[in-house]
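Enquirer:
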Amino acid sequence: MSSTDTYARFYQVIRQVPQGYVVTYGQVAELAGLPRRSRLVGYALRQMPDGVNIPWWRVVNSQGRISPRGLDGCDEYQRILLEEEGVAFNDAGRIDLKRFGWIAD
DNA sequence: AAACTGACTAATA
DNA sequence: CTATTAGCCAGTT
Numbered sequence: 058m059s060s061t062d063t064y065a066r067f068y069q070v071i072r073q074v075p076q077g078y079v080v081t082y083g084q085v086a087e088l089a090g091l092p093r094r095s096r097l098v099g100y101a102l103r104q105m106p107d108g109v110n111i112p113w114w115r116v117v118n119s120q121g122r123i124s125p126r127g128l129d130g131c132d133e134y135q136r137i138l139l140e141e142e143g144v145a146f147n148d149a150g151r152i153d154l155k156r157f158g159w160i161a162d
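The end of the first sequence is residue 162 by our numbering, with every number in the run present.
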């Protein structure tokens, strides 16, 4: 029982992200009380256990872009979901974190 | 235990 | 702006 709890913290943070906002991997890790575990956030989302419904698509990298997974369609799907929520992408396919970046209370 | 890998980030060129 | 390098920490082999 260690990695499971760690993932649970990430999920808890991500679940708090409101619609129309996004957070970076490092931000999720920091809010979860685990700074510098940005890569673990990616692991957690990759594993994504069933039964845990979380808005994983609101998690992007520090550049405000969708981290490539190698599998086409997944990242594309994420972009569509965000656009549906009101998150705007610029010509470079990036998000303006200054406006859409979520700031915890 | 050691080496490799990765949905990351920040610093350089 | 993009491309490359290095640092990072945990999971996998």
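Where a beta carbon is used, it is the ideal one built from N, C-alpha and C, also for glycine.
Excluding the 5 residues preceding and the 5 following R136 in the sequence, name in chain order all residues of the same chain whose CB lies nearer than 8 Å to its CB.
Expert: Contacts found: I123, F146, G150.
Enquirer: So within the segment 124–151, which uninterrupted alpha helix (DSSP H) runs reach at least 4 residues, ignoring any that extend past its ends?
Expert: 131–142
Enquirer: Out of A86, P106, Q104, which one is the CA nearest neighbour of V117?
Expert: A86
Enquirer: Please report the straight-line C-alpha distance between R96 and Y82, rounded to a whole angstrom.
Expert: 7 Å
Enquirer: Between W113 and L139, how many whole angstroms is the CB-CB distance? I'm expecting something under 8 Å.
Expert: So it is not a contact: roughly 11 Å between Cβ atoms.
Enquirer: Which residue or residues does DSSP assign as beta-bridge partners of T81?
Expert: According to the DSSP secondary-structure assignment, T81 is paired through a beta bridge with V117.
Enquirer: Under a three-way DSSP split, which group does G99 fall into?
Expert: helix
Enquirer: Measure the alpha-carbon distance for W159 versus V109 and round it to whole angstroms.
Expert: Cα to Cα, the separation comes out at about 21 Å.
Enquirer: Note down, in chain order, each residue of its chain lying with its Cβ closer than 8 Å to the Cβ of R66, except the 5 sequence neighbours on either side.
Expert: A89, G90, L91
Enquirer: Classify R94 as buried or exposed, calling it buried when 16 or more other Cβ atoms lie within 10 Å of its own Cβ.
Expert: buried
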